[in-house]
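Take a look at the structure set out below.
There are 2 protein chains.
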Amino acid sequence: MRADYVTRPREQIAGVLRAEPRFLSAAEIHRALEQASARVSLSTVYRTLEYLRSKGDVTERLDEAGESTFMLCEPAHHHHHAICRVCGRVDDVSCAALGQIAESLRATLGFELDGHNMEFLGTCRSCR
Amino acid sequence: MRADYVTRPREQIAGVLRAEPRFLSAAEIHRALEQASARVSLSTVYRTLEYLRSKGDVTERLDEAGESTFMLCEPAHHHHHAICRVCGRVDDVSCAALGQIAESLRATLGFELDGHNMEFLGTCRSCR
DNA sequence: ATGATTTTGCGAATCGTTCGCAAATAAGGC
DNA sequence: GCCTTATTTGCGAACGATTCGCAAAATCAT
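Protein chains in written order, with the numbering used here: chain A, 8 to 135; chain B, 8 to 135.
The following block contains the structure:
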């Protein structure tokens, strides 16, 4: 069973995520921990990320190469991301047009929308 | 170098894609070929898919599990997909609002949009 | 502190994908 | 059609990310 034990590894992993507000791979997190002299196994990084994801504390994203990356997130309101290709910085973007899109899909295709993925790529202000 | 030899395996793989207008994994294509008594190696399936993708004949999509899937596509106009969760049927969706979104991102975030991913999931008319 | 339960670390296993290389096949000129 | 040359194929091995099994260590509640 899965419980909510507060452990050193979990705190350290959450700490790395808090320090870098962008999508990080398990390997990147593991490397960051090593550099901070925190000895946490890669398995634990994976398991903790899955744990945080199931709690809704973390968002998972597949990058272009198909690798999983993770970032802390506010599960509250649904939104999308504008991701800088240069530095990885992530800005939240709300999409007001979704209701209209759902309506249009139903009307033109008979398609019942129940989920979507959307993300925007480009260059953020400071990287320009 | 990469050339455009017309070979039996390439025709057979394209045939499978033509017969199933939805996103297929390399393994699914390989299985379909076996069932049709076409002996094509999995490596060749992968290589041919990459070849077709580089020609612009095929679109690649990472599914929820991070596996690559492929579908024939018209490279002509940019569009998005409405994918049925039940049967995998794919309908094209054009997104007229993109220009506005780009403008809004530039104005509010200073973000220079140069790419995006968008897909819509739900249930198609015939699966409802 | 003690005991019950969960988490960790380790290495091995798994799965999709890529690679190296020799054998087979296609294209073009004879 | 046959030969030459360049490309593609099949095979098995290698690879990288992720998962798993299990014994040891850590957490929580008493």
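Yeah, the Cβ is synthetic: ideal placement off N, Cα and C, and Gly gets one too.
Nearest-angstrom Cα separation, counted from residue j out to residue i
| i | j | result |
| --- | --- | --- |
| His123 of chain B | Cys80 of chain A | 20 angstroms |
| Glu74 of chain A | Leu59 of chain B | 23 angstroms |
| Ser101 of chain B | His86 of chain B | 5 angstroms |
| Phe30 of chain B | Glu18 of chain B | 18 angstroms |
| Thr130 of chain B | Arg46 of chain A | 46 angstroms |
| Arg92 of chain B | Thr51 of chain A | 32 angstroms |
| His88 of chain A | Ser48 of chain A | 30 angstroms |
| Arg132 of chain B | Ala43 of chain A | 54 angstroms |
| Gly95 of chain B | Glu41 of chain A | 43 angstroms |
| Met125 of chain B | Gly22 of chain B | 27 angstroms |
| Leu69 of chain B | Tyr53 of chain B | 14 angstroms |
| Glu67 of chain B | Glu67 of chain A | 20 angstroms |
| Ala72 of chain B | Glu35 of chain A | 20 angstroms |
| Ala26 of chain A | Ala103 of chain A | 30 angstroms |
| Gly63 of chain B | Phe118 of chain B | 28 angstroms |
| Ile20 of chain B | Ile20 of chain A | 44 angstroms |
Those residues which DSSP pairs with residue i across a bridge
| i | result |
| --- | --- |
| Arg68 of chain B | B:Thr76 |
| His86 of chain A | Paired residues: none, contrary to the question. |
| His123 of chain A | B:Phe127 |
| Asp99 of chain B | B:His88 |
Per-residue burial, residue i [other beta carbons within 10 Å of its own, 16 or more giving buried]
| i | result |
| --- | --- |
| Leu116 of chain B | buried |
| Val13 of chain B | exposed |
| Ala33 of chain B | buried |
| His37 of chain B | buried |
| Ala39 of chain B | buried |
Neighbourhood of residue i by C-beta, 6 angstroms cutoff - its chain only, sequence neighbours within 5 removed
| i | result |
| --- | --- |
| Asp11 of chain B | none |
| Asp98 of chain A | Ala89 |
| Leu128 of chain A | Ile90, Arg92 |
| Leu24 of chain B | Leu79 |
| Cys134 of chain A | Cys91, Val93, Cys94 |
8 angstroms CB neighbourhood of residue i in its chain, flanking five on each side removed
| i | result |
| --- | --- |
| Leu120 of chain A | Ile108, Ala109, Leu112, Arg113 |
| Pro28 of chain B | Met78, Leu79, Arg96, Val97 |
| Val65 of chain B | Leu24, Leu56, Leu59, Phe77, Met78, Leu79, Cys80 |
| His84 of chain B | Ser101 |
| Leu105 of chain A | His123 |
Under the three-state DSSP convention, the category residue i falls into
| i | result |
| --- | --- |
| Ser32 of chain A | strand |
| Gly106 of chain B | helix |
| Glu81 of chain A | coil |
| Val52 of chain B | helix |
| Gly63 of chain A | coil |
| Val93 of chain B | coil |
| Ser133 of chain A | helix |
| Thr14 of chain A | coil |
| Ser44 of chain B | coil |
| Gly22 of chain A | helix |
| Glu57 of chain A | helix |
Chain-order list of residues whose beta-carbon lies under 7 angstroms from that of residue i (same chain, five-residue window excluded)
| i | result |
| --- | --- |
| Pro16 of chain B | Val47, Thr51, Thr55 |
Cβ-heavy atom distance, residue i to the ligand FMN, below 7 angstroms
| i | result |
| --- | --- |
| Val23 of chain B | The model depicted lacks the ligand FMN and carries no ligand whatsoever. |
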